[in-house]
Each structure stands twice: as C-alpha cells, then as structure tokens.
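Report on the structure given below.
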Amino acid sequence: MDSFERIEITFKNGETKTYEKDEWDDYGFVGNAVIVKKNGAWIGIFNFDNVFCVELK
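Residue numbers for the sequence shown, in the working numbering: 1 to 57.
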C-alpha cells in the first residue's frame, strides 16, 4: 500500500472517514465489513450496510 497516500471510506449518509498514509498499512474485506489495519491490528471495522464506497488515493 506504499503507493497510496490515504484510504477514504464514504458512508451512505454522506460522511467520510479518512486514514492518512501513516495511520494505516493494509485493508481488506471480511464477511460483510471493510477492515482497515495498522501493523496487523484492526483499527477500523465498517459494516457494508453503511458503506457507499472505499477509495485508495
């Protein structure tokens, strides 16, 4: 994920959660959730029912 500066998660209600380059190092999808990780630890868990899109920028 070194080539991306941030990950932005936009929710269906219009709000956005942004993790900057030094705040995350991986992400994934588990079951019905988006997981944001730092050093192997899950630092953000977002249910797909609430997520509109996930963007790497």
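Positions of the beta carbon are idealized from the N, C-alpha and C atoms, including for glycine.
Start-to-end residues for the beta strand (DSSP E) that takes in residue i
i, result
"G44", "A41 to N47"
"K17", "T16 to E20"
"E23", "Premise fails: E23 is in no beta strand (DSSP E) and is neither H nor E."
"K38", "A33 to K38"
"F4", "Note, F4: premise wrong, no beta strand (DSSP E); not H, not E."
Contact under 9 angstroms by Cβ, residue i with residue j
i, j, result
"K37", "G28", "yes"
"F48", "N32", "yes"
"F46", "K21", "no"
Burial state of residue i, where buried means 16 or more other Cβ atoms lie within 10 Å
i, result
"I106", "No answer is possible for residue 106: it lies beyond the span of the chain, which begins at 1 and ends at 57."
"V30", "exposed"
Candidates the options: closest to residue i by CA position
i, options, result
"A41", "K21, S3, D25 and L56", "D25"
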